[in-house]
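There are 4 protein chains.
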Amino acid sequence: MAKTINLAVIGYGFMGKAHTNAYLQAQHFFKHDHKINLKVICGRNEENAKAFAETWGYDDVETDWRKVIERDDIDAVDICTPNNSHREIALACAKAGKMILCEKPLALDGTEGEEMVAAVEASGVPNLVWYNYRFLPAVTHAKNIVAAGELGQVFHYRSNFLQDWTISEDLPQGGAALWRLDAKTAGSGVTGDLLAHCIDLARWINGDIVSVSAMTETFIKERVHQETGEKTAVTIDDACAFICRFENGSTSIFESTRYARGHKALFTFEINGRDKSLAWDLHDLNRLDYFDHGVPSDRRGWSNIHCSDGDHPYAGNFWVPGLCLGYEHSFVGAVHEFLSHLDDPSAEKRFADFKDALGTQYVCDAVLESAKTKQWVDVKRV
Amino acid sequence: MAKTINLAVIGYGFMGKAHTNAYLQAQHFFKHDHKINLKVICGRNEENAKAFAETWGYDDVETDWRKVIERDDIDAVDICTPNNSHREIALACAKAGKMILCEKPLALDGTEGEEMVAAVEASGVPNLVWYNYRFLPAVTHAKNIVAAGELGQVFHYRSNFLQDWTISEDLPQGGAALWRLDAKTAGSGVTGDLLAHCIDLARWINGDIVSVSAMTETFIKERVHQETGEKTAVTIDDACAFICRFENGSTSIFESTRYARGHKALFTFEINGRDKSLAWDLHDLNRLDYFDHGVPSDRRGWSNIHCSDGDHPYAGNFWVPGLCLGYEHSFVGAVHEFLSHLDDPSAEKRFADFKDALGTQYVCDAVLESAKTKQWVDVKRV
Amino acid sequence: MAKTINLAVIGYGFMGKAHTNAYLQAQHFFKHDHKINLKVICGRNEENAKAFAETWGYDDVETDWRKVIERDDIDAVDICTPNNSHREIALACAKAGKMILCEKPLALDGTEGEEMVAAVEASGVPNLVWYNYRFLPAVTHAKNIVAAGELGQVFHYRSNFLQDWTISEDLPQGGAALWRLDAKTAGSGVTGDLLAHCIDLARWINGDIVSVSAMTETFIKERVHQETGEKTAVTIDDACAFICRFENGSTSIFESTRYARGHKALFTFEINGRDKSLAWDLHDLNRLDYFDHGVPSDRRGWSNIHCSDGDHPYAGNFWVPGLCLGYEHSFVGAVHEFLSHLDDPSAEKRFADFKDALGTQYVCDAVLESAKTKQWVDVKRV
Amino acid sequence: MAKTINLAVIGYGFMGKAHTNAYLQAQHFFKHDHKINLKVICGRNEENAKAFAETWGYDDVETDWRKVIERDDIDAVDICTPNNSHREIALACAKAGKMILCEKPLALDGTEGEEMVAAVEASGVPNLVWYNYRFLPAVTHAKNIVAAGELGQVFHYRSNFLQDWTISEDLPQGGAALWRLDAKTAGSGVTGDLLAHCIDLARWINGDIVSVSAMTETFIKERVHQETGEKTAVTIDDACAFICRFENGSTSIFESTRYARGHKALFTFEINGRDKSLAWDLHDLNRLDYFDHGVPSDRRGWSNIHCSDGDHPYAGNFWVPGLCLGYEHSFVGAVHEFLSHLDDPSAEKRFADFKDALGTQYVCDAVLESAKTKQWVDVKRV
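Chains as they are written, first to last, in the numbering used here: chain L, 1 to 382; chain Y, 1001 to 1382; chain E, 2001 to 2382; chain H, 3001 to 3382.
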């Protein structure tokens, strides 16, 4: 008999939808001993929350997140609110003994993050941060190949996340839809929003980053703020690039921007080892580029693996070879791994928990500090 | 208040799963006046059917499809059984006044198909055949561009569907999982299974095919039959290729095989007009290749459109620009269009109904006859 | 001491330039016992011929090809004239004991071709037809892999050559630059011009074609003729597609057109065997796509081999790994192989001689006859 | 009547061959008022030099470069020797009033470079540095599009040059073939060898670089030296990455390495402007990726321009649309532009002269200094 987890999701925006879909789909395509029940959707606008509940099958609606945490019938809370509220909600959840699934980045900065890690460790609640891209079959395949030591010594890692959606000067900042452009709410710009994804995968696949030299830029200096209607300084980073060194001796470059005309969501990584290299691109997320130096010289080339066979990670739970999965399955995989870990806590934890996410936060902090001081900065380690 | 359609799905295999997922997801991501209720899953193995019902949320289980049709509480039936049962079940449904959503191909041949079309026309029940690929954003985008006349005179259309999963001589034929290799159950091999998809899209996008010259081949002549354990003649076509002419004067080649080593599910089409050309590939299903001769000569090239923006078909109902949809959304779109047509029968019917599918069946029949007689064959027209 | 071959090239158009360049470059990048001396360029316009001689270093100029053949100081003749003159010039060369390097296609049809083969066989002169694409490193690499039996049983071969340069109705036919649009001069349209290249590679790599079913189309029925200024019927095939069977049991499709908007010179082939598949594209001519089914399932993918390493065919004679060769090197390789065969006639003949080219001509003839009669046609064999 | 330039090339290695080929081919495919005569090839091994002269058509052979410069019959000298000899030879040439075509990088460092620039400016001799990649049609096309202001404000530039040929620990350093691994001869590792190419294109296309933060790494610390047979410290940079800012406000990342397994010569750049973006890759050198934001949203994509039409730079001088050029044409274009500038010194100088190359040298120097000091370094400007 499956153990039911009554879940409340706080926030019904883009991430609320992506996570909700994942809770349902993970239970359609995978089997677990634990079962998630969509108990409460919480949002400030009651009408919107009710419509969301109707569409997705939530039992109840709440408009105040504090009420949610007070409810005894809630076992787990998913925090899909803007970044500046993660800490407060998470601390309340930990105190109330609720499991927490928190949208990334963990917090506004490492100081907040440390407090959150301390709280979940003190209360012992299961916790996850939605670094969802780990769970695409091609990305997991890459992780497994590296973890098996197949690459030999790693020389290089590179990753970027390029978008172009904020180039127009007419785009306002702040408010419900555009809080990602307001540093007070978001903490930072592309660093926390996009580079955090690059860094999480990098740390998961290639280990700790030890030092960074970074550069940020804000191309449009002032934008109208949606809440005040006034033109105010833009305080986020529109673009960020850094060079760095990993614990394992490899060197690396990272770049993110919302000003790379032509790229909607170009998220890539590449890792070069003595014996093999791997590369991936979110725009063609089912494929892993694979170079094996062990192949005879005249047959060597980058192989394009369509990770949709039964022996690719997760793929066998869906369709048949050659058929693509979409973006949403990254979240489905996150739920699957979270439930698997509840089923068997002794198994490898493949999702990012608060502590992992704090490690990523420390890199983001070092990057922002380096950009400010124009010095190499050592990364604090978890 | 949404009008509820109580649905029974007959068959819980690959297609039963894909369709069931689509019924749920279409209602998560689109709004309609009609609502589908997963009432009954029907399959011969009760235990399996119960497990499927549990996973996907069906109210009831049946093990005999005739019982399903006798039930008054069923409004619509989805036929996911092997091809040789489509006719009988569909005729029964039509007689009982149930809406029908039938897996493709419509029937074993045109004669069966004609009887089925006559039945649904006589009873007036809404009917759909699951030619699902129409509803991927990139494919619909292509259809719309052609329908708007942007290509000018069309010169060529080409399409193929290449797989490699039956190359091993050790693969048996027949039985539950491998009925597609047995002509008695499947009607034909790649022609009905794969080329039918190519033909449906071709007819939808480029109009009627008027005559064909075809060639089929069966590379492995005998395989063990799962039901008897004996080695018997393979009667399906392992591969089929044909040249043809369309009503609009364009010339065309089609090819399908399960012996193209290296291709899991390479399904492509390309259309060349005087002013523009378009191309698409299922392995990268979010992209449409687009060539516009109106661009100045030194800037002309094939543009790779990632059909994930809000103004691409269907894409705005899912995520944000740059994020991929998967194979399953082709079925989601089919359900969405079926419900939209129930909501407003005066709107353009964008899915294939029985009559459309009969047109595709006629092309398949002509192809198989041409391969047998080694003559050009005129295609019967609906 | 190198044996000097005094060469005359008849025709200074596109092919005259490509061949001349190849004679020089083959001797810069390869070593041979025979040396080609650019003795005579022959063209009807003396001024143009002199300018060409000056640019490329020819010793002499002639304006009448018959004079060239009468000269005792000429050892070899390169025929770069329109197709309807190949037979006459080649017969004269054979009679005069000159080596012949003839532009493809060999002749207007098989009857002419048979006469030409008989003539060179009677006189014993070395002879080559410029099926140049064999000698690109990636193409030769493919040939060698297939010849080594690595593919196992071959199931499929497909090839096309798509262009878009004759779509405009305003393009005239005939005359110096556009004789390829006039069947009297060219023999046929895309069949002899483009499909002949596809067929030569197919026969070289995959063996004899035994029967074909073809379709041709002429989209623009009348064009102004440059020589008369009058609008006359277009008699060439603008497009041609055929299905066929090879001696080795594989099935195949071929297509060529000058009406595929967006393709300048898309020339591709793909071959699928039980164990491996190979694919190539002239637009990226340095690459060979390679699929090896022997690789473990989760690592299998199409490998993209950049054939520019020292152990790829010919590549070591040029630059260093990763650096591209261009189109012109296909001709350079042809000259290299011709000279190598003169150096050592016992070595494998890797270029197409008149007899090979007659085999290709027979396929073209069968294709055109099939398109006319709408019947399958057996291919005559050399 | 063409003015003849008697040329001496010093060094018959890889670059001696590439340049010699370019002198001949530039005169086959382009017309100029000046004509280059291959007068002298100079190399220390007389036998090798003679063989080279025979193959390529040099009149004379010399074994001491000083003799070459003493000859009155030499008008121009091409310096193809290792980097540590460029300065001395160039100074001698300038003093002797010879035109100079010097292999890149200009010098071991900026101090040497300044002396060389002063020398050529004092003597007034025409001078060129072989930053050859500017002259590939796709690269020149990119330069022209940017120069026309079509991109609007530029936000980002990124470039890398990745190789994998020095990963083996068994590879020695120094000596004739491997002087690039010895800092005494080469000045630096990938910075001067590979990044110098990236930087030249970046400065040509996007303007001056003002400051850099860099990181270098030497993965294999000791290698046997070919000249001594002893294992000695490797003093070059195996890998180098840097972030930087351009004069025009754009931010940028550069990376180069010889340890990126799977990349033979992956040389790419991408530039993102407000209105357009461009990208290029040496492995597919005929293509320019082009994104035009002015295209309607649902038709926008990266266009892949095959720069082989008559209206693409240089392409009309070679073959017909769709046919590829190779690596060697980058050098051909350099010679063409050098001769064009001699023909008409008032025309735009499109090649890098000593002063341009000094600008690139300054960036390299700043990069190496930054890597050493771990500080941002301002770039000295020419």
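The beta carbon of each residue, even a glycine, is placed where N, CA and C say it ideally should be.
Predicted model, so just to flag it, every value in this text is computed and none were measured.
Neighbourhood of residue i by C-beta distance below 6 Å, restricted to the same chain and skipping five residues each side
i: C1339 of chain Y; result: Checking the sequence shown, residue 1339 of chain Y turns out to be Leu, not Cys. So the qualifying residues of the chain are H1032 and H1034.
i: H2341 of chain E; result: K2349
i: W2056 of chain E; result: T2020
i: A2122 of chain E; result: none
i: Y3023 of chain H; result: I3036 and V3335
i: G1043 of chain Y; result: Y1012 and A1049
i: F1052 of chain Y; result: Y1012 and I1041
Proximal chain L residues relative to residue i, where beta-carbon distance stays under 8 Å
i: N2384 of chain E; result: Chain E is shown only over 2001 to 2382; residue 2384 of chain E falls outside these bounds and no answer can be derived.
Beta-carbon proximity list for residue i, same chain, < 8 Å, skipping 5 on both sides
i: G1322 of chain Y; result: H1306 and S1308
Residues that residue i bridges to, as DSSP identifies them
i: R1223 of chain Y; result: Y:T1232
i: Y3290 of chain H; result: H:L3278 and H:S3303
i: T257 of chain L; result: L:L162 and L:A239
i: N3037 of chain H; result: H:N3006
i: R1245 of chain Y; result: Y:S1211 and Y:T1251
i: F3269 of chain H; result: H:S3159 and H:W3280
i: G3174 of chain H; result: H:L3178
i: T1020 of chain Y; result: T1020 of chain Y is not bridged to any residue.
Partners in chain E for residue i, counting only beta-carbon separations shorter than 7 Å
i: Y314 of chain L; result: Per Cβ cutoff of 7 Å: no residues; Y314 of chain L is ~12 Å from chain E at best.
i: S3308 of chain H; result: K2264
i: T3055 of chain H; result: H2028
i: L3323 of chain H; result: A2265 and Y2327
Interface partners of residue i on chain Y, CB under 9 Å
i: A2147 of chain E; result: Under the 9 Å cutoff, chain Y gives no residues; its nearest Cβ is about 18 Å from A2147 of chain E.
i: D3311 of chain H; result: P1296, S1297 and D1298
Buried or exposed by the 16-neighbour rule on C-beta atoms within 10 Å, applied to residue i
i: E54 of chain L; result: exposed
i: R223 of chain L; result: buried
i: P2313 of chain E; result: buried
i: G326 of chain L; result: buried
i: A260 of chain L; result: buried
i: T1251 of chain Y; result: buried
i: E1337 of chain Y; result: buried
i: N3206 of chain H; result: buried
i: E2112 of chain E; result: buried
i: P3137 of chain H; result: buried
i: F2155 of chain E; result: buried
Close beta carbons around residue i, own chain, < 7 Å, minus the five adjacent residues each side
i: W3204 of chain H; result: R3134 and K3143
i: E3046 of chain H; result: V3061 and T3063
Partner residues on chain Y for residue i, Cβ-Cβ distance less than 7 Å
i: I2209 of chain E; result: Chain Y residues near I2209 of chain E: none, gap ~13 Å exceeds 7 Å.
Chain H contact residues for residue i, given Cβ-Cβ distances below 9 Å
i: N272 of chain L; result: L3162, D3164, T3257, Y3259, A3260, R3261, G3262 and H3263
Within chain E, partners of residue i - CB distance below 8 Å
i: A1138 of chain Y; result: Neighbours of A1138 of chain Y on chain E: none; closest Cβ ~17 Å, over 8 Å.
i: I305 of chain L; result: D2298, R2299, R2300 and G2301
Next item on the list: Run through the stretch 2292–2377 of chain E for me and flag every whole alpha helix (DSSP H) of 4 or more residues, listed as ranges in chain order.
Entry: 2329–2343 and 2354–2373
Margin query: Quick check on the DSSP output: what are the complete beta strand (DSSP E) runs of length 3 or more inside the stretch 1056–1103 of chain Y, in order along the chain?
Written below: 1060–1062, 1076–1079 and 1099–1102
Notebook entry, point to check: What are the start and end residues of each continuous alpha helix (DSSP H) run of 4 or more residues lying completely inside the stretch 2099–2135 of chain E, in chain order?
Noted result: 2110–2123
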